[in-house]
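Visitor:
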Amino acid sequence: MSSSLTKQNKLFFSLAGPHYDLAAAEIAQVFPGRLHIDHPFVILAPMKAVIFSRLALSHWGSELLFSCKDQELQAVVKRAPWEKIVKGSFAVQTQGITDKAALEQLIGACITHPVSLRQPDTVLMFCKGKQIHCAKLLWKNTEKFQDRRAHLRPGSSPISLHPRLARALVNLTGVPDDGVIIDPMCGTGGFLIEAGLMGIRSRGYDIDEKILAKCKANLDHFKIEKSSIQHQDALSLNDPISYLVTDLPYGRNTNPKGIADLYEKFFSLLGRLLRKRAVVVVPSTTKIIFSRHGLVEKNSFLIRVHKSLTRKILVIEPGP
Ligand SMILES: C[S@@+](CC[C@H](N)C(=O)[O-])C[C@H]1O[C@@H](n2cnc3c(N)ncnc32)[C@H](O)[C@@H]1O
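If you want our numbering, it's the position in the sequence shown, counting the first as 1, plus 3.
(1) Go through its chain and collect everything with a Cβ distance to R307's Cβ below 7 Å, but skip five positions before and after it.
(2) Pairs of beta-carbons, one from the region 195–204 and one from the region 258–276, closer than 8 Å: are there three or more?
(3) Following a CB-centred definition, is M201 positioned closer than 6 Å to any heavy atom of ligand 1?
(4) What is the C-beta distance between A138 and L47, in whole angstroms, given that I count them as a contact (C-beta under 8 Å)?
(5) Consider the C-beta atom of L109 and the heavy atoms of ligand 1; say whether any pair is separated by less than 6 Å.
(6) Figure out for me which residue from L317, L215 and V89 has the closest Cα to the Cα of L141.
(7) Under 8 Å by Cβ, that's how I've got D124 and S92 pegged, so tell me the actual separation to the nearest angstrom.
(8) May I ask you to report which of helix, strand or coil DSSP gives C218?
(9) Got a sec: does ligand 1 put a non-hydrogen atom nearer than 6 Å to the Cβ of P157?
(10) Is the closest heavy atom of ligand 1 to the C-beta of R250 under 6 Å?
(11) The alpha helix (DSSP H) with R275 in it runs from where to where?
(12) Taking E300 as part of the beta strand (DSSP E), name the residues at either end of that continuous run.
(13) Using beta-carbon positions only, say whether K131 and I110 come within less than 7 Å of one another.
(14) For the region 182–190 and the region 228–241, state whether three or more C-beta atom pairs, one from each stretch, are separated by less than 8 Å.
(15) Within 6 Å: the Cβ of S160 and any heavy atom of ligand 1?
(16) Whole angstroms are fine: how far does the CA of K219 sit from the CA of F128?
(17) With H, G and I counted as helix, E and B as strand and the rest as coil, what does DSSP make of H116?
(18) For the beta strand (DSSP E) that F69 lies in, which residues bound it at each end?
(19) What are the boundary residues of the beta strand (DSSP E) that F129 is part of?
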């Protein structure tokens, strides 16, 4: 299976739930192009070559062969150029198709290549959204996010986001492969680890030296080389920032004047320094008037953590 595609074919992705809107937004940011959503799937006409492996919130990516209505499926399968599409042995996999046996029988009558369930050369995906989509598998997400969960890292933390979500938020900033991402309140380094594992350079700051020592242990553990961390109050940053991702403190009060004052100062700073895009996590109850800081909220997503905490993911850009 190839994990990149250079031709301008349409791509087809299966999104990981439950936050399908966030998963689709991640694809839109990583791969510029025209997006069509048919939950839990996305069709993308990409504008340039695609490296699938950055994606956190997609299960797999494929080349779209055709989309059709349920009642058209038989006729479309019968006239598809399978000899050109299928190389070597093949397998059929389905998502949301109710009568899998009937589909397999239909395919079996049309494709003469040998079937291999264990190691197929070609995997054909048949998926049911509003339409039926058929695609040729190119990439499966085998990233070991579970192994990097916060409590399994040497510098553990009860509040660091799940690595799958952390990676998606880094991607949501739109930081390119050769860009630099800043986390001004990096804590134990959840975002820095994910950026580093994608080969993206990063800089992290934190006001708490003990937490920074944990962050260093984590970066060393995952052999992240392109990240530098510094003991610094984020509110004293001065240089322009292109891409920023951060999870602002909420439980513990780290600012003598209170959390509301910290947020106010942080967004005012962001208004002065941000050049391209920031993704900031706050509690859902947070109210910010972005225009006051010369910023615009481009998008937001709610993620329920438990009964008394829902996180809001804010996608922010400089105002006009
Ligand atoms: C929610 S935690 C970040 C968690 C982090 N994403 C992780 O993976 O561990 C917020 C962090 O902001 C830091 N912090 C609070 N006020 C700060 C300030 N003024 N400047 C820099 N860091 C600050 C805290 O020490 C804490 O580590």
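Just so you know, even glycine gets a beta-carbon here, dropped at the ideal spot from N, CA and C.
Guide: By the coordinates alone:
(1) Sequence index remark: in the sequence shown, residue 307 carries index 304 (1-based). The answer, listed in chain order, is T313.
(2) Fewer than three pairs of CB atoms, one per stretch, sit closer than 8 Å, so the region 195–204 makes no contact with the region 258–276.
(3) Locating residue 201 in the sequence shown gives position 198, where the first residue counts as 1. Because no heavy atom of ligand 1 lies under 6 Å away, the Cβ of M201 does not count as near it: no.
(4) The residue you call residue 138 lines up with position 135 of the sequence shown. The residue you call residue 47 lines up with position 44 of the sequence shown. Taking C-beta atoms under 8 Å as the contact rule, A138 and L47 fail to qualify, at a distance of about 11 Å.
(5) Along the sequence shown, one-based indexing puts residue 109 at 106. Incorrect: L109 has no Cβ contact closer than 6 Å to ligand 1.
(6) As a working mapping, residue 141 is identified with position 138 in the sequence shown. The candidate whose alpha carbon is nearest that of L141 is V89.
(7) Locating residue 124 in the sequence shown gives position 121, counting from the first residue. Locating residue 92 in the sequence shown gives position 89, counting from the first residue. Yes, they are in contact, since the Cβ atoms of D124 and S92 sit about 5 Å apart, within 8 Å.
(8) In the sequence shown, the residue the question calls residue 218 occupies position 215. Helix.
(9) Counting from one through the sequence shown, the residue named residue 157 turns up at place 154. Incorrect: P157 has no Cβ contact closer than 6 Å to ligand 1.
(10) The residue you call residue 250 lines up with position 247 of the sequence shown. Note that residue 250 corresponds to Asp in the displayed sequence, not to Arg. D250 Cβ: within cutoff of ligand 1.
(11) Position 272 of the sequence shown, counted from the first residue, corresponds to residue 275. Here the alpha helix (DSSP H) through R275 covers I262 to L276.
(12) To locate residue 300, count along the sequence shown from 1; it is residue 297. Segment L298 to H309, the beta strand (DSSP E) holding E300.
(13) Counting from 1 along the sequence shown, the entry for residue 131 is found at position 128. Counting from 1 along the sequence shown, the entry for residue 110 is found at position 107. For K131 and I110, no; Cβs fall outside 7 Å.
(14) As far as the Cβ criterion goes, the region 182–190 touches the region 228–241, which means the pair count is three or higher.
(15) In the sequence shown, residue 160 corresponds to position 157, counting from 1. Yes, the Cβ of S160 comes within 6 Å of a heavy atom of ligand 1.
(16) Sequence index remark: in the sequence shown, residue 128 carries index 125 (1-based). Sequence index remark: in the sequence shown, residue 219 carries index 216 (1-based). Here residue 128 is Met; the residue named in the question, Phe, does not match the sequence. Those two C-alpha atoms are separated by around 42 Å.
(17) Taking the first residue of the sequence shown as 1, we reach residue 116 at position 113. Three-state result, H116: coil.
(18) Here residue 69 is taken as the residue at index 66 of the sequence shown, counted from 1. Here the beta strand (DSSP E) through F69 covers S61 to C71.
(19) Numbered from its first residue, the sequence shown carries residue 129 at position 126. For F129, the enclosing beta strand (DSSP E) starts and ends at T125 to K131.
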